[in-house]
Each structure stands twice: as C-alpha cells, then as structure tokens.
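What follows is a set of notes on a single structure, which appears directly below.
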Amino acid sequence: MEHLEFTLPGRTGGPRANEWAIAGVVTSGNLEVLAEAMDLGGACRFVIDTSAKGYRDTWRAVVEDFMAKHAPGDVLFSINDSAASPAVVGLRLAQALEALNG
C-alpha cells in the first residue's frame with residue numbers, strides 16, 4: 001500500500017446538497033471515492049491509499065486534470081484504490097463531486 005496526499009487550490013465552495021457522497025467500490029481495477037464538504041480555504045485535498053506503488057506522478061497529473069476540468073473547492077476527497085486506471089479515477093471523482101453537489 002502507498003499513501004499519497006495532495007492539496008490543490010480551487011475555488012470557495014458554495015452550498016452543497018449533501019455533506020458527503022461516495023462513488024465506486026474497492027475491487028480489482030476500481031476504487032472508492034468519499035467526497036466531504038470541508039472548509040479548506042477554497043482548496044481541495046486528496047488523500048489516497050492505493051495498492052499500486054510508484055505512481056505518485058500519475059496520481060498528481062490525474063487530480064490536477066480533474067481540478068482543471070471541474071474547478072471544485074472546499075472538498076476533501078478520500079480515495080481507496082485497487083489499481084484503477086486514470087480514466088476510472090477521473091470518472092469516480094466526477095461522480096462523487098456530482099453527488100456531493102446534488
């Protein structure tokens with residue numbers, strides 16, 4: 001297991017439909033994302049536990065791409081990964097954010 005954390009600037013989060021939301025499941029080639037509304041000064045924090053070691057740069061690129069596309073703010077994303085592809089990671093992050101925002 002590898003533990004990674006990234007905090008990226010975003011925008012100040014507005015009202016949310018929910019306090020938290022979950023997308024995905026932890027199975028081979030998939031992952032679970034828990035999105036929680038949290039005052040982070042507009043930033044987003046990504047806390048990642050993954051079974052695939054040595055992919056820090058890939059993870060950073062994926063979360064930076066997600067931030068550029070969706071521009072969220074004030075969200076803590078907790079990710080439990082079982083070697084999901086970058087496309088699946090992006091999908092689950094977007095699903096969790098959509099569920100959080102309602």
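Positions 1 to 102 (UniProt numbering) are the ones given, in order, by the sequence shown.
Built from N, CA and C at the ideal position, the CB exists for glycine as well.
Original post:
What does DSSP give as the partner residues of HIS3 in its beta bridges?
Top reply: ASP49
Subject >> Residues sharing a beta bridge with VAL88, DSSP >> reply: According to DSSP, which records beta bridges pairwise, VAL88 is partnered with nothing at all.
Original post:
Which residue comes first and which comes last in the alpha helix (DSSP H) that contains ASP65?
Top reply: 56-70
**OP:** Could you tell me the boundaries of the beta strand (DSSP E) in which residue 156 lies?
**Re:** The chain is shown from 1 up to 102; residue 156 falls before or after that span and cannot be answered.
Subject >> Strand pairing of GLU36, partner residues [DSSP] >> reply: TRP20 and LEU76
**OP:** Can you tell me which of ALA87, ASP57 and GLY73 puts its alpha carbon nearest to the alpha carbon of ASN101?
**Re:** GLY73
Original post:
Relative to the alpha-carbon of ALA87, which residue among THR58, LYS53 and VAL75 has its alpha-carbon at the smallest distance?
Top reply: Ranking THR58, LYS53 and VAL75 by Cα distance to ALA87 puts THR58 first.
Subject >> Any chain C beta carbon closer than 8 Å to ASN80 >> reply: Although the question refers to chain C, the structure presented lacks it and comprises just one protein chain.
Original post:
So which of GLY14, PRO15 and LEU97 has the shortest CA-CA distance to MET67?
Top reply: LEU97
**OP:** Starting from the Cα of ALA37, find the closest Cα among VAL62, LYS69, PHE77 and LEU4 and give me that residue.
**Re:** PHE77
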